[in-house]
Amino acid sequence: MKKTILLTGSESFVASFLQKKLKKKFKVIGIDYSKKSKNTNYSIDITKKIPKKLYQQKIDYIIHLAAISRDNECATNPIKCFDTNVIGTLNLIDYANQKGVKNFIFASTQWVYDFTKQNEIKYHNSKINIHNLNSEYALSKVVSEINLKQNFIKTKLNSTILRFGIIYGPRSNNFSAFEAIFFKLMDQSEILIGSKKTGRNFIHVDDVCDGIIKSINQKGYNIYNLEGDEFINLENLIKKSENILKKKIKIIEKDKNKPSIRLVSNKYSKKKLKWQPKYNLDKGIKNLLKYKKKLIKNSI
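Quick note, the working numbering runs 119 ahead of the 1-based positions in the sequence shown.
Below you can see the structure in the form of structure tokens.
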């Protein structure tokens, strides 16, 4: 008999890819604040008490993706941010304790790392000074990580923290810099950016999903960084786009001496989870190009 996974945020970008992979081996019960759909079995507000109908379900694992993850939305409405990201998570932790789930997998973020030195590399066990965080979103995730650690100490509920990198992939809105720049370059030959040196270890949504699945049977309290293997700066991204699109791109920098660089290591995750990202820069751009061409073809 298939094990059952409760997946929160079932209407999210990551969940739309994750469910397809999970359903090959697991029964998936999706919950989201939005209305029921093919991906969502129950429309539930996690900031409220978990309804009885969910207690009637047999749940083996929880993958908690639901969150307010836009930084500007958290900044303009911090009460809503903390209500969803912290109180909502606490409600699910209480539910997990009562149901005796085998692992609580929590989607966190690389934004919890406070970068104070140039070219500093952050690892899963790097110390975080919350006083250096100026993001309500990041702070809400750190608080939930601490709550999960405290709960693990009390109850021994297996808890896995996955700190996602900057995710990109085939989607029609809420772009990261990766999709936003490439899709813009498909239509124009000039682009305005801050600094060409700004960069991240961008990670494709498929690789994130594979990392989540690899973490399902983890024991104890663990923290893993799900990051891409390549550090990709905006110049790399634009030059590779030039080659693939076969066009010359003019780059205009407005803050060329103020690059934003975040270096987060995935080595520990690769070793412990036996996980390996499959998408490099070339494959990632070609995946977006294929998606965009399909959209254009279907719209004709």
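All C-beta atoms, glycine included, are put in the ideal place defined by N, C-alpha and C.
Val220 is a Cβ neighbour of Tyr180, given a cutoff of 7 angstroms. Looking from the CA of Lys121, the closest CA among Lys142, Asn277 and Tyr410 belongs to Lys142. Here DSSP, grouped into helix, strand and coil, assigns Tyr174 to helix. The secondary-structure analysis by DSSP pairs Arg189 with nothing; it has no beta-bridge partner. Residue state for Ile312 is assigned as strand, using DSSP reduced to three classes.
For Lys367, the CB contacts under 7 angstroms within the same chain, skipping 5 residues up- and downstream, are Ser308 and Glu361 in chain order. The three-state reading of DSSP puts Asn320 in coil, since its state is none of H, G, I, E or B.
Taking a C-beta distance under 7 angstroms as the contact criterion, Tyr343 and Leu281 qualify as a contact pair. For Gly219, DSSP assigns no beta-bridge partner whatsoever. Nearest Cα to Lys171 within the set Lys218, Lys358, Cys193 and Thr228: Lys218.
Per DSSP, the beta-bridge partners of Lys146 are Thr123.
Just so you know, the alpha carbons of Lys273 and Thr279 end up roughly 16 angstroms apart. By the CB criterion at 7 angstroms, Glu239 and Ser314 fall outside the cutoff. Boundaries of the beta strand (DSSP E) around Thr279: Ser278 to Phe283.
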